[in-house]
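Each residue of the sequence shown is one higher than the last, beginning at 1 in the numbering used here.
Glycine residues also receive a C-beta, built at the ideal position from the N, C-alpha and C atoms.
A quick write-up on the structure given underneath.
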Amino acid sequence: MSGPTPPAGRGGPRPRPWRRLWRAASPRVTRGQVLAGVLCAALGFGFAVQVRQTSTSGLADLRESDLVRILDDTTERGDRLAGEVQELEATRRELTEGSDQARAAEEAAAARAQEFGLLAGTLPARGPGIVATVTDPAGSLRSTNFIQLVQELRDSGAEGIQVGRTRVVAQTAFTDAPAGSGGVLVDGTLERSPYVVTVIGDPPTLATALDIPGGVRETLRSAGADLDVRQAPGEDGVSITALHAVSAPQYARPAPP
Numbered sequence: 001m002s003g004p005t006p007p008a009g010r011g012g013p014r015p016r017p018w019r020r021l022w023r024a025a026s027p028r029v030t031r032g033q034v035l036a037g038v039l040c041a042a043l044g045f046g047f048a049v050q051v052r053q054t055s056t057s058g059l060a061d062l063r064e065s066d067l068v069r070i071l072d073d074t075t076e077r078g079d080r081l082a083g084e085v086q087e088l089e090a091t092r093r094e095l096t097e098g099s100d101q102a103r104a105a106e107e108a109a110a111a112r113a114q115e116f117g118l119l120a121g122t123l124p125a126r127g128p129g130i131v132a133t134v135t136d137p138a139g140s141l142r143s144t145n146f147i148q149l150v151q152e153l154r155d156s157g158a159e160g161i162q163v164g165r166t167r168v169v170a171q172t173a174f175t176d177a178p179a180g181s182g183g184v185l186v187d188g189t190l191e192r193s194p195y196v197v198t199v200i201g202d203p204p205t206l207a208t209a210l211d212i213p214g215g216v217r218e219t220l221r222s223a224g225a226d227l228d229v230r231q232a233p234g235e236d237g238v239s240i241t242a243l244h245a246v247s248a249p250q251y252a253r254p255a256p257p
């Protein structure tokens with residue numbers, strides 16, 4: 001007969017050490033963890049359903065507070081757009097005014113160019129003035145006589161002068177012609193008697209300046225020449241058609257402002 005089975009702790013087989021380590025490292029699922037997982041799944045499902053309903057529902061399904069918020073957002077957006085419209089209108093006005101200013105500046109520049117053209121002798125001119133005819137039958141006049149004549153006219157406010165076929169400007173040179181030519185050189189062009197001097201300016205002032213005692217008329221008379229002056233009032237009084245050829249300066253350059 002066999003005796004009683006000895007206790008496991010004393011003489012029976014013992015579990016191996018690696019099995020104990022495996023059971024200690026293996027995760028244990030508790031009842032609390034299972035409940036937490038179920039709650040998370042339910043919450044995710046509810047959130048997904050809510051998002052889908054919100055994305056597919058119209059304004060009719062929204063609450064009053066949501067509708068008020070949407071209305072406020074729309075009003076704010078409309079105010080912002082209205083402000084942008086005002087800014088664009090202001091920009092358009094600035095551009096329009098700037099265009100008007102540019103046009104005015106262009107017109108002023110064109111007017112200034114015409115003035116310079118008249119003074120420089122590069123444009124024809126017309127206006128009230130006089131026509132002075134100098135007759136020199138003996139051919140005794142010299143360049144100094146015409147320099148005195150032109151200077152007297154300039155001092156009297158002449159705005160344009162033409163001697164014969166030559167336009168007189170600030171750079172115009174009067175020189176004596178070779179002997180026997182019977183004339184005077186005006187900017188290299190030979191002018192002969194009768195010398196027709198066309199002048200634009202105030203007719204009475206110009207005519208009076210030539211008749212000053214001891215002035216141009218008496219000087220020409222003492223040289224054997226005669227002077228006849230005809231006044232031509234009105235805007236279409238006299239015409240100056242001769243032009244001065246302007247050459248580029250060789251040495252002068254614009255100075256910095």
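Once the 5 residues before and after residue i are set aside, which same chain residues still bring their CB inside 7 Å of it?
i           : result
residue 242 : 162, 165, 166, 167
residue 56  : Low local confidence applies: a pLDDT of 48 at residue 56 is under 50, so the model's placement there is unreliable, and no value is given.
residue 150 : 161, 168
residue 253 : none
residue 173 : 187
residue 120 : 169, 244, 246
Rounded to whole angstroms, what's the CA-CA distance from residue i to residue j? Just pull it up for me.
i           : j           : result
residue 143 : residue 223 : 12 Å
residue 205 : residue 196 : 19 Å
residue 245 : residue 188 : 12 Å
residue 221 : residue 227 : 8 Å
residue 207 : residue 130 : 7 Å
residue 118 : residue 111 : 11 Å
residue 152 : residue 94  : 52 Å
residue 250 : residue 90  : 50 Å
Output yes or no for whether 8 Å exceeds the beta carbon distance between residue i and residue j.
i           : j           : result
residue 185 : residue 177 : yes
residue 229 : residue 132 : yes
residue 193 : residue 137 : yes
residue 209 : residue 155 : yes
Less than 8 Å between C-beta atoms, sequence neighbours within five positions excluded: which residues of the same chain meet that for residue i?
i           : result
residue 240 : 124, 125, 126, 160, 161, 162, 167, 198, 200
residue 261 : The chain is shown only over 1 to 257; residue 261 falls outside these bounds and no answer can be derived.
Could you check which residue in the options has the C-alpha nearest to that of residue i?
i           : options           : result
residue 139 : 86, 251, 182      : 182
residue 134 : 82, 191, 78       : 191
residue 219 : 249, 171, 147, 87 : 147
Inside the segment 105-136 only - beta strand (DSSP E) runs reaching at least 3 residues: 125-127, 129-135
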